[in-house]
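So the sequence shown is numbered by full-length UniProt numbering: it starts at 1 and just counts up by one. Have a look at the structure below, then the notes.
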Amino acid sequence: TNFGYMNGANFNTNDQTKDLEYQPVVTSYDYDCPLSEEGRITKKLDITRTVVQEILGFSVPDERPADPEIVVYETTLASEAGQLWRNLAQAESFATDKCIAMEWFPTNEGRGQPYGYALYRSQASFPKGNMTLDGMDKSLSGRANIFVNQESMGYKF
1 TNFGYMNGAN FNTNDQTKDL EYQPVVTSYD YDCPLSEEGR ITKKLDITRT
51 VVQEILGFSV PDERPADPEI VVYETTLASE AGQLWRNLAQ AESFATDKCI
101 AMEWFPTNEG RGQPYGYALY RSQASFPKGN MTLDGMDKSL SGRANIFVNQ
151 ESMGYKF
């Protein structure tokens, strides 16, 4: 499964504030799948088996797989964490004159980057004071964490 990393997110309106709220989708299993996230059979599997057998005409075994044994692990505490900016020095990078989608990055032996995080850097000089980024809501599809001099300025989604 994707365990909260690559499935995307939903925007929902908060009933009280009317603000859009970013709600990450943990996995696709909340969309009525034949198997639950832990591998248990759901009603959707029976429906799928019926469609395969009766409508498509394929043979389906009578026996259903057993539900998996669920293992509960002890709580683990993290004792260390990597530093983003230090670890970026080890990542593959390239320079370009224009912003391109990560699927078209000239990395990964010419295959681009099909998913994950991408860092776009730009250098600019501005007078001290407040600065506004315009147009991100029209061009951004996903989430952007905004940093100035490696200090987080917030995020936009």
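Glycine is no exception: its CB is placed at the ideal position from the N, C-alpha and C atoms.
Report yes if the CB atom of residue i is closer than 9 angstroms to the CB atom of residue j, and no otherwise.
i	j	result
Ala118	Phe105	yes
Lys98	Leu133	no
Gln113	Met102	yes
Asp32	Lys44	yes
On the DSSP bridge assignment, give the partners of residue i in chain order.
i	result
Thr13	Leu20
Ala144	Lys156
Glu151	Val148
Leu35	Ile41
Start and end of the alpha helix (DSSP H) containing residue i?
i	result
Ile70	Segment: none, Ile70 is in no alpha helix (DSSP H) and carries neither H nor E.
Leu84	84–88
Arg49	43–50
Assuming residue i and residue j form a contact by the criterion Cβ under 8 angstroms, report the distance between their Cβ atoms to the nearest whole angstrom.
i	j	result
Glu92	Thr107	5 angstroms
Gln23	Asn12	6 angstroms
Original post:
Do the segment 67–80 and the segment 32–49 meet, that is, are 3 or more Cβ pairs less than 8 angstroms apart?
Top reply: yes
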